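Peer 1:
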Amino acid sequence: KMKVSLIITTYNSPKFLELVLKSITFQTVLPDEVIIADDGSKREIVEINLKNLRKFKLNYKYVWQEDKGFRAALIRNKAILISRGDYIIGIDGDMILHPKFIEDHIKRAKPNRYIQGKRVLLTKEKTHEVLKTKKIKFSFWERGLINRKNAIHSNFLSKIFSKSNLNLKGVKACNFSMFKKDILKINGFNNNFVGWGREDSEFVARFLNNGG
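The structure is reproduced here in structure tokens:
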């Protein structure tokens with residue numbers, strides 16, 4: 028059985044992360060481990076995150092680095108290095124997962140493939156509502172969904188609209204997956220990226236140039 032490591036990047040956002048962790052417990056296929064990649068949250072925030080991890084009884088690891096600005100590349104690499112999974116799924120710490128999120132990534136996993144998924148965005152008002160009610164299940168028809176079409180879960184439509192390409196436009200690491208061995212082949216993300224911007228595109232560019 029292929030072991031899966033779910034890596035979640037976070038920074039001083041315990042309320043968002045709590046909902047993400049809650050959504051993991053409803054997965055049809057659970058990850059073998061959850062790794063929190065913390066890019067410098069305050070000590071009190073780390074304690075809240077650890078408390079929630081224990082509350083949801085997840086098999087977890089926690090990696091933290093000092094706050095020296097946005098260093099997503101470095102903290103992802105640290106999480107990847109301590110992972111025990113054959114397959115890595117990476118998400119941002121504000122992404123509430125569909126119940127079949129892990130299952131869908133696993134079904135589409137292939138060696139030498141980088142998978143990128145999309146996400147549904149919420150309005151500011153809807154975000155406040157979700158944080159207050161701690162609701163993690165959403166209807167396609169409810170108000171507050173910005174890019175509503177991404178809320179459709181359909182294997183049939185996925186086969187139609189999913190495509191393989193070599194285009195770097197729109198590359199994001201907020202929802203991606205690939206085999207760990209393929210990540211290690213290109214030495215992971217580039218630690219020289221400090222501050223927001225395009226460490227994910229550069230990562231995929233090196234992957235494609237390596238024959239991905």
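The sequence shown begins at 28 in my numbering and counts up by one.
Glycine residues also receive a C-beta, built at the ideal position from the N, C-alpha and C atoms.
These figures come from a predicted structure and were not determined experimentally.
#1: Going straight from the alpha carbon of Leu57 to that of Ala136, what length do you get?
#2: Rounded to a whole number of angstroms, what is the C-alpha to C-alpha distance between Ala232 and Ile102?
#3: Can you confirm whether the stretch 35-51 touches the stretch 113-131 when touching is taken to mean that 3 or more C-beta pairs between the two stretches lie within less than 8 Å?
#4: Distance, Cα to Cα, Leu108 vs Cys201?
#5: Ser228 and Leu195 - do their beta-carbons sit closer together than 7 Å?
#6: Which residue marks the beginning of the beta strand (DSSP E) containing Trp119, and which one marks its end?
#7: Taking its Cβ as the centre, do 16 or more other Cβ atoms sit within 10 Å of Pro138, making it buried, or is it exposed?
#8: By how many angstroms is the C-alpha of Gly171 removed from the C-alpha of Glu45?
#9: Identify which residue in Val147, Glu156 and Ser189 has its Cα closest to the Cα of Asn174.
#10: Return the bridge partner residues of Ser32 from the DSSP annotation.
#11: Kindly indicate which three-state DSSP category Thr37 falls into: helix, strand or coil?
#12: How far does the beta strand (DSSP E) with Ser204 in it reach, from first residue to last?
#13: Determine the contact status of Val90 and Ala100, defining contact as a CB-CB distance below 7 Å.
#14: What's the call for His132, buried or exposed, on a 16-neighbour Cβ count within 10 Å?
#15: List the residues that DSSP assigns as beta-bridge partners of Ile133.
Peer 2: Here's the rundown:
#1: Each residue's CA atom was taken as its position, placing Leu57 and Ala136 some 16 Å apart.
#2: The alpha-carbon atoms of Ala232 and Ile102 are separated by roughly 20 Å.
#3: Verdict: yes, contact present.
#4: If I take the Cα positions, the gap works out to 19 Å.
#5: The answer is yes: Cβ separation under 7 Å.
#6: Note on residue identity: the sequence assigns Asp, not Trp, to residue 119. Its beta strand (DSSP E) spans residues Tyr114 to Asp119.
#7: With fewer than 16 other CB atoms across the displayed protein chains lying within 10 angstroms of its CB, Pro138 is exposed.
#8: The straight-line gap from Cα to Cα measures roughly 20 Å.
#9: Distance check between Asn174 and each of Val147, Glu156 and Ser189 places Val147 closest, using alpha-carbon atoms only.
#10: Glu60 and Ile115, per the DSSP bridge assignment.
#11: Correct three-state label for Thr37: strand.
#12: First-last of the beta strand (DSSP E) with Ser204: Asn202 to Phe206.
#13: Contact flag unset, no.
#14: With a threshold of 16 other beta carbon atoms within 10 Å, His132 meets it and is buried.
#15: Answer is none; Ile133 lacks a bridge partner.
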